[in-house]
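Note that numbering that gives the first Met the number 0 has the sequence shown beginning at 0, numbered continuously upward. Everything on this sheet refers to the single structure shown next.
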Amino acid sequence: MIVWTWNSGARGGDRIECAGQGGWHEDGVFEKEINAQIDLAFANVEKNLKDAGGKGWSQVFRVNSYHVPINDEALTAMVRNFKKYMPDHKPIWTCVGVTRLGEDDMRVEIEVVAHDPEGAKAAQGT
């Protein structure tokens, strides 16, 4: 596996944007099964949002997901995780089927945007 370096999440004022997260473990190894990959991708998004100073999925208002392949199994896993991580709200969601993602074993990539006004104030020291 090639190790790339970039920011996985960044704050801009009261917004946190999370770069595409996949179903990998901390050592970079991907789960093979699509449900497990999607579960891990959601957990990785949660970690990145919190690392950027946010509260996690509860602040997410936009989700873009990319799938290889896009099918009912993948969509069902996405909706299951939406209900788990965001039981009190529903974000806008764009879901796209693609022919390939950034790694050979990658079957899902999830990008999010979150609204975090309290964290923005804390970051500014106000």
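All C-beta atoms in this analysis are idealised placements derived from N, C-alpha and C, irrespective of residue type, glycine included.
>> Quick check on this structure: which residue in A121, I15, S64, N43 has the alpha carbon closest to the alpha carbon of V95?
In response: S64
> Under 7 Å, do F29 and N80 count as touching if we go by C-beta distance?
Replying inline: no
>> Could you give the first and the last residue of the continuous alpha helix (DSSP H) run that contains N80?
In response: 71-84
> Roughly how many whole angstroms lie between the Cα atoms of M105 and I37?
Replying inline: 10 Å
> Excluding five sequence neighbours on each side, which residues of the same chain lie with their C-beta closer than 7 Å to the C-beta of P68?
Replying inline: G96
>> Which residues does DSSP list as the beta-bridge partners of A113?
In response: I15, V59
> Across which residues does DSSP place F41 in a beta bridge pair?
Replying inline: DSSP lists no partner for F41.
> Which residues in the same chain as G52 place their Cβ atom closer than 8 Å to its Cβ, once the five residues preceding and following it in sequence are excluded?
Replying inline: R10, I15, D115, G118, A121, A122
> Hey, how far is the Cα of M0 from the Cα of G101?
Replying inline: Because the pLDDT of M0 is 49, which lies under 50, any placement of that residue in the model is unreliable, and the number read from its coordinates should be weighed accordingly. The straight-line gap from Cα to Cα measures roughly 11 Å.
>> Out of V62, K54, K89, which one is the CA nearest neighbour of E108?
In response: V62
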